[in-house]
Amino acid sequence: MHAKARQVRAAQHHRVGRQHVARVPDTEVALDCGWGRLLFAQTYPDAASLAGALAEEGPERRDIAGWVREPHLVLAAAPQALFLDPSHTYRLDLSTYRASRKRPRGFVVRWVTSQADADAVNRIYLAHRMVTVPPEFMFSHRDSRTIVYLVAEDEVTGQVIGTVTGVDHVRAFDDPERGSSLWCLAVDPQAARPLVGETLVRRLAEYFQARGARTMDLSVLASNHQAIDLYEKLGFTRLPVFTVKRKNAINERLFVGAPPEAALNPYARIIVDEARRRGIGVEVVDAEGGFFRLSSGGRSILCRESLSELTSAVAMSLCDDKAATRRAVARAGVRVPEGIEFDTRENLEVFLARHGSVAVKPARGEQGRGVSVGLETIDEAMAAVERARAHCDRVLIEQCVTGEDLRLVVIGYKLVAAAIRRPARVIGDGASTIRELIGRQSRRRAAATGGESKIPLDAETERCVAKAGFGMDDLPPSGQEINVRKAANLHTGGTIHDVTAEVHPSLVDAAIRAARALDVPVTGIDFMVRSPRQPGYWFIEANERPGLANHEPQPTAERFIDLLFPQSMPTAVKQAAR
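Under my numbering, the first residue of the sequence shown is numbered 42, with each subsequent residue one higher.
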């Protein structure tokens, strides 16, 4: 059958609807999955025909040819266009698989039922830098039994915190082996619930098992040891088959090897990736320090993550010294909490008695290091002062203000992103100690942020756990939520939740005034607010090198490159700006 005809027939077969339709022929099957096509190599008569089908890949899509038994022959048919994916194929024998008796609490697994679900799934895909699926495609296939979309929904917040896609091979091509497969398993890196990924895998296996499938296969990158450990724990075993893909921009990191910028942290890499996309030259100066140089059209700018030569040394000094920052923004009419610089225990005790609760932070520092919040006794406060002194000999004491921690990213004195930041927390599962829950949550956060976000097992974490009435090795009740940090910094395990579309104009105005008072063109302004939808706030601090990653779907890196290289700005963005 002609390749175009095969695609049309496949699309007809997989459209939504419960009515009976004719089966797709058992040969040369390419199933459209939204992110690209899944090519079943076992249905192609020879290597050349499979290579030819991969040549039909659409723009901005990622086709996958799976179950390839002789990949060298497929590669030989198109050596310049194809590559062997560095992944393993695993299989679960559903005839011997047994469902777990443990039923995780706090979330449910269900079908995708709305376009809002599809949007939430894409949000998780973006967080993992996966290819997204057009929401209308996913929503229109919600009743399809060929492609199965499951999501995990938090019972408290109602948010989608995980997703998995399944494919029924019998419905796809009358598979005589009665197989099925798992694709696109992804958990929200900010989800505090344990066992989300494992539960999604189990539910999909149980679904296919109930439908009479004999096996469930999956493909996983050989470097993803955490996922492989999970699959092997569930009983998956390796198959001697391979995966072949086309050489395209999406797959580039898989076939060209690690570029120089691969050693950069996520906050630098997101900028470098956007620069390369626009054809701007990139020179990595010091990967460990996050330094790189961008060059285009005779213009060259040295950056350290989002800090560039456009930020003056004076502006950087103002942001670096928290006491100077407070004074500068207060002169601009920005509301700041009362604060003093620590000198004596007696003065601290008087300040604590006046406010009831204080925050202690080093006068210089970043990433939440040495910061303690919610201190209510003089002994707690003095211990926090000593911890802060390990980072700076000058220590600030501030009135502790409560509310939600709001980060506003301001680039070129315009708001680009706004997000609520929440402190690290764990949720009891009835079987794990708090120390174990923290370790599990910390590994998930680290995996999602390239090692940038971890929950420290330090004195501040122990203090917060004790404040909640537990010890680190206690077993909390199932469903019990425990804040294990007070400060909401991403680097200490905090999470980020986008509120750009709903932030109150007064908060935006105050953030821009603060940025102008500091004369800093790129900054993260931190407020404590009652709600991002209300005007009240307290200024906490300004960061001259804000992390631009983890603000999906807001175009933080795009606007940063616009600032540095205005001529590279896309026409649509220029028109919108005008």
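All C-beta atoms, glycine included, are put in the ideal place defined by N, C-alpha and C.
* CB contact flag (Val450, Pro607, <7 Å) -> Against the sequence shown, residue 450 aligns to sequence position 409. Against the sequence shown, residue 607 aligns to sequence position 566. No, the pair does not count as a contact, with Cβ atoms beyond the cut-off.
* **Counted within 10 angstroms of its Cβ, other Cβ atoms place Ala556 as buried (16 or more) or exposed** => Residue 556 sits at position 515 when you count from the first residue of the sequence shown. By the neighbour-count rule (16 or more Cβ atoms within 10 Å), Ala556 is buried.
* To do: Please classify Gln267: is it buried, with 16 or more other beta-carbons within 10 angstroms of its beta-carbon, or exposed?
  => The sequence position of residue 267 within the sequence shown is 226, counting from 1. It counts as exposed.
* Asked: For Phe568 versus Val370, is the C-beta distance shorter than 7 Å?
  -> Locating residue 568 in the sequence shown gives position 527, where the first residue counts as 1. Locating residue 370 in the sequence shown gives position 329, where the first residue counts as 1. The answer is no: Cβ separation not under 7 Å.
* Rounded to whole angstroms, what's the CA-CA distance from Val457 to Glu503? Just pull it up for me. => As a working mapping, residue 457 is identified with position 416 in the sequence shown. As a working mapping, residue 503 is identified with position 462 in the sequence shown. Approximately 36 Å between the Cα atoms of the pair.
* **Neighbour-count burial assignment, Gln575, 16 or more Cβ in a 10 Å radius** => Along the sequence shown, one-based indexing puts residue 575 at 534. The residue is exposed, with fewer than 16 neighbouring Cβ atoms inside 10 Å.
* Asked: Do three or more CB pairs link the region 137–145 to the region 109–119 at distances below 8 Å?
  -> no
* Quick one: measure Cβ to Cβ for Pro235 and Leu478, integer angstroms, because I've assumed they're closer than 8 Å. => As a position in the sequence shown, residue 235 is number 194, starting the count at 1. As a position in the sequence shown, residue 478 is number 437, starting the count at 1. The pair is a contact, with the Cβ atoms about 7 Å apart (cut-off 8 Å).
* Verify whether the separation of the beta carbon atoms of Arg219 and Ala254 is less than 7 Å. => Here the question's residue 219 lines up with position 178 in the sequence shown. Here the question's residue 254 lines up with position 213 in the sequence shown. With respect to the 7 Å criterion, Arg219 and Ala254 are classified as neighbours on the basis of their beta carbons.
* To do: Compare the C-alpha of Ala157 against each of Arg243, Glu247 and Pro175 and name the closest.
  => Here residue 157 corresponds to residue number 116 of the sequence shown, with the count starting at 1. Out of Arg243, Glu247 and Pro175, Pro175 has the C-alpha closest to the C-alpha of Ala157.
* Beta-carbon separation (whole angstroms), Leu167 vs Pro594, contact threshold 8 Å -> Reading the sequence shown from its first residue, position 126 is the one you call residue 167. Reading the sequence shown from its first residue, position 553 is the one you call residue 594. Correct: roughly 6 Å between the Cβ atoms.
* To do: Assign Phe606 to one of three DSSP states: helix, strand, or coil.
  => The count along the sequence shown starts at 1 and reaches residue 606 at position 565. Here Phe606 sits in coil by DSSP.
* To do: Grab me the residues of Arg476's own chain with a C-beta within less than 8 Å of its C-beta, minus the 5 sequence neighbours each way, in chain order.
  => To locate residue 476, count along the sequence shown from 1; it is residue 435. Counting only Cβ-Cβ distances below 8 Å, and skipping sequence neighbours, we find Leu498, Met513 and Asp514.
* Between the C-alpha atoms of Val201 and Ala365, what's the straight-line distance to the nearest angstrom? -> Translated into the one-based positions of the sequence shown, residue 201 becomes position 160. Translated into the one-based positions of the sequence shown, residue 365 becomes position 324. Whole-angstrom Cα-Cα distance: 42 Å.
* Sheet register partners of Asp209 (DSSP bridge) -> As a first step, residue 209 is located in the sequence shown; it is residue number 168 there, counting from the start. In the DSSP output, where bridge partners are listed per residue, Asp209 has Ser221.
* Give the range of the beta strand (DSSP E) segment to which Gly415 is assigned. => Stepping through the sequence shown from its first residue, residue 415 is reached at position 374. Note, Gly415: beta strand (DSSP E), Ser413 to Leu416.
* To do: Kindly list the residues whose CB is nearer than 6 Å to the CB of Ala63, restricted to its own chain and excluding five residues on each side of it in sequence; keep chain order.
  => Residue mapping note: residue 63 aligns to position 22 of the sequence shown, counting from 1. Residue placement at Ala63 cannot be trusted, given a pLDDT of 40 that sits under 50; the coordinates are not used to answer.
* Asked: If you draw a straight line from the C-alpha of Leu80 to the C-alpha of Pro281, how long is it?
  -> As a working mapping, residue 80 is identified with position 39 in the sequence shown. As a working mapping, residue 281 is identified with position 240 in the sequence shown. Take the alpha-carbon of Leu80 and the one of Pro281: they are about 17 Å apart.
* Neighbourhood of Ala328 by C-beta distance below 6 Å, restricted to the same chain and skipping five residues each side -> Position 287 of the sequence shown, counted from the start, is the residue given in the question as residue 328. The answer, listed in chain order, is Ala304 and Leu305.
* Helix, strand or coil at Gly510 according to DSSP, with G and I counted as helix -> For the purposes of this step, residue 510 is taken as residue 469 along the sequence shown, with counting starting at 1. Reduced to three states, the DSSP call for Gly510 is coil.
* Asked: For Ser547, which of helix, strand or coil comes out of DSSP?
  -> The residue given as residue 547 occupies position 506 in the sequence shown. Shown here, Ser547 sits in a helix according to DSSP, grouped into three states.
* List the DSSP bridge partners of Asn524. => As a first step, residue 524 must be located in the sequence shown, where it is residue number 483. Its beta-bridge partners are Arg466.
* **Inter-residue spacing [alpha-carbon to alpha-carbon] between Val285 and Val412** => For the purposes of this step, residue 285 is identified with residue 244 of the sequence shown, where counting begins at 1. For the purposes of this step, residue 412 is identified with residue 371 of the sequence shown, where counting begins at 1. Looking at the two C-alpha atoms, the distance is approximately 49 Å.
* Asked: The alpha helix (DSSP H) with Glu382 in it runs from where to where?
  -> In the sequence shown, the residue the question calls residue 382 occupies position 341. Not the alpha helix (DSSP H): Glu382 falls in the beta strand (DSSP E), residues Gly380 to Glu382.
* Asked: Do Ala425 and Leu416 have their CB atoms nearer than 7 Å?
  -> For the purposes of this step, residue 425 is taken as the residue at position 384 of the sequence shown. For the purposes of this step, residue 416 is taken as the residue at position 375 of the sequence shown. For Ala425 and Leu416, yes; Cβs fall inside 7 Å.
* To do: Along the beta strand (DSSP E) that carries Val192, what are the first and last residues, could you check?
  => If you number the sequence shown from 1, residue 192 lands on position 151. From DSSP, the beta strand (DSSP E) with Val192 extends over Ile188 to Asp195.
* Phe283 - DSSP class collapsed to helix/strand/coil -> Along the sequence shown, one-based indexing puts residue 283 at 242. Here Phe283 carries a strand assignment [DSSP, helix/strand/coil].
* Give the single residue among Tyr131, Leu343, Glu293 and Ala140 whose Cα lies nearest to the Cα of Met257. => In the sequence shown, counting from the first residue as 1, residue 257 sits at position 216. Answer by Cα proximity: Tyr131.
* Asked: Using the C-alpha atoms, what's the distance from Asp216 back to Val65?
  -> Here residue 65 is taken as the residue at index 24 of the sequence shown, counted from 1. Here residue 216 is taken as the residue at index 175 of the sequence shown, counted from 1. In this prediction, Val65 scores a pLDDT of 42, lower than 50, which makes its location untrustworthy; the coordinate-derived value is nonetheless stated afterwards. The straight-line gap from Cα to Cα measures roughly 11 Å.
* Asked: How should Gly338 be labelled, buried or exposed, when 16 other C-beta atoms within 10 angstroms of its C-beta is the threshold for buried?
  -> The residue you call residue 338 lines up with position 297 of the sequence shown. Under this definition Gly338 is an exposed residue.
* Asked: Who are the near neighbours of Glu350 in its chain, counting only those whose CB is closer than 6 Å to its CB and skipping five residues on each side?
  -> Sequence index remark: in the sequence shown, residue 350 carries index 309 (1-based). The answer, listed in chain order, is Ile342 and Leu343.
* To do: Could you name the residues of the same chain whose beta carbon sits closer than 8 Å to that of Ala373, not counting the 5 residues immediately before and after it, in chain order?
  => Walking along the sequence shown from the start, residue 373 turns up at place 332. Taken in chain order, the residues that qualify are Arg554, Ala555, Arg557 and Ala558.
* To do: Pull up the CB-CB distance for Arg287 and Ala122, whole angstroms please, since I reckon it's below 8 Å.
  => Within the sequence shown, the letter at position 246 stands for residue 287. Within the sequence shown, the letter at position 81 stands for residue 122. The pair is a contact, with the Cβ atoms about 6 Å apart (cut-off 8 Å).
* Asked: When you compare only the Cα positions, how much space is there between Val326 and Ala309?
  -> Here the question's residue 326 lines up with position 285 in the sequence shown. Here the question's residue 309 lines up with position 268 in the sequence shown. Taking the straight line from one Cα to the other gives about 12 Å.
* To do: Using a threshold of 7 Å, state whether the C-beta atoms of Val399 and Cys433 are closer than that.
  => Residue 399 sits at position 358 when you count from the first residue of the sequence shown. Residue 433 sits at position 392 when you count from the first residue of the sequence shown. Not closer than 7 Å, so no.
* **Same chain, Cβ closer than 7 Å to Arg410, neighbours up to 5 away in sequence not counted** => Within the sequence shown, residue 410 is the residue found at index 369, counting from 1. So the qualifying residues of the chain are His432.
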